[in-house]
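Following numbering that gives the first Met the number 0, the numbering of the sequence shown begins with 0 at its first residue and continues without gaps.
This report refers to the structure that appears directly beneath it.
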Amino acid sequence: MKYFQSKYTWLLYVLAFFALLNLYANYQYDFVLELASKPFLIPLLGIYFYLNTREVIQSYKKSLTNFILMALSLAWIGDIFLLFQKENPLFFILGLGSFLISHILYIITFKKSLHNKGLGESKKLLIRAIPFIGSFILMLTFLYKWLDEVMIFAVPIYMLVIITMAFMAMERTGKVLKTSAEYVFFGAFLFMVSDSLLAIDIFVKNLTIPFAPVFVMATYLAAQLLIVYGMIIQIKFSLN
């Protein structure tokens, strides 16, 4: 199963319209256009997710649905805060905090989606975690000298959480529907890419990434869409 048919696909076209509008706004550095497009993105995705999963009756699947909706809500709050980060640095901290909680909710969701299937032996688990630990160390080493007295604590915590989220997404492989696992893991990976680009663009003063806001938003939106789509597949089509 590579995809599923949904009578709510039209919502994705509406989402695509606002996404393209937002990417163009980021390309042009047009704050007014960004303000007119960004607040609609995650709510549209959340509505699409809800409509496709609202008829589920199993209690654990209902729980997954609620956690995904909470994660999307926190991401939306984070989006709104980050819109105004240039007005006041506090908004960046608040946005970071919102996304931190959103990622924690995703971690809980991915763990719950295993539905009584364990993570396996601790030794093998640690071996599988090595690439993620390595990514954490490399990125933190790269950013370290650019972080101020607040960010030197906040950024490592945030990085640790998002890498844990990606690791938990990977751990679903072989334990849930293959298509769901693939979509969710690729989405989590793109989330890491998006946040890495954002961190470099904000903190590393002597490095300029061409069209960074466009790439950050493109990978972020793709990440959220893939995670949501993958979780819909599991909630709708898994047998237990």
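Every residue gets a Cβ at the ideal spot worked out from N, C-alpha and C, and that includes glycine.
From a predicted model like this one, the values you see are computed outputs, not experimental measurements.
{"query": "Buried or exposed, going by whether 16 or more other CB atoms sit within 10 Å of the CB of Phe16?", "result": "exposed"}
{"query": "Taking only three categories from DSSP, how would you classify Thr140?", "result": "helix"}
{"query": "Go ahead and label Leu142 buried or exposed: buried means 16 or more other beta carbons lie within 10 angstroms of its beta carbon, across all protein chains shown.", "result": "buried"}
{"query": "If distances are taken between C-alpha atoms only, which option among Phe202, Tyr12, Ser195, Ser62 comes closest to Phe135?", "result": "Ser195"}
{"query": "Could you give the DSSP three-state label for Ile56: helix, strand or coil?", "result": "coil"}
{"query": "Work out the CA separation of Gln57 and Met167 for me, nearest whole Å.", "result": "23 Å"}
{"query": "Taking the straight line between their C-alpha atoms, what separation do you get for Val154 and Lys60?", "result": "33 Å"}
{"query": "Once DSSP output is grouped into helix, strand and coil, what is the label at Lys6?", "result": "coil"}
{"query": "Grouping DSSP H, G and I as helix and E and B as strand, with all else coil, what is Asn87?", "result": "coil"}
{"query": "Could you spell out the range, first to last residue, of the alpha helix (DSSP H) harbouring Lys177?", "result": "177-202"}
{"query": "Throw me the rounded Cβ distance for the Leu71 and Ile106 pair, which I believe falls under 8 Å.", "result": "Rounded, the Cβ-Cβ distance is 15 Å, inconsistent with contact."}
{"query": "Have a look at Ile234, Val227, Ser237, Phe236 and flag the residue whose alpha-carbon is nearest the alpha-carbon of Leu44.", "result": "Val227"}
{"query": "Counting only the same chain and skipping the five closest in sequence on each side, list residues whose C-beta sits under 8 Å from that of Lys1.", "result": "Note on Lys1: pLDDT 49, under 50, position unreliable in the model; the coordinate value appears next. Within the same chain, Lys1 has close Cβ partners Thr178."}
{"query": "For Met230, name the three-state secondary structure that DSSP assigns.", "result": "helix"}
{"query": "Closer than 6 Å to a non-hydrogen atom of the ligand FMN - does that hold for the CB of Tyr182?", "result": "In the structure on display, the ligand FMN does not appear, and there are no ligands present to speak of."}
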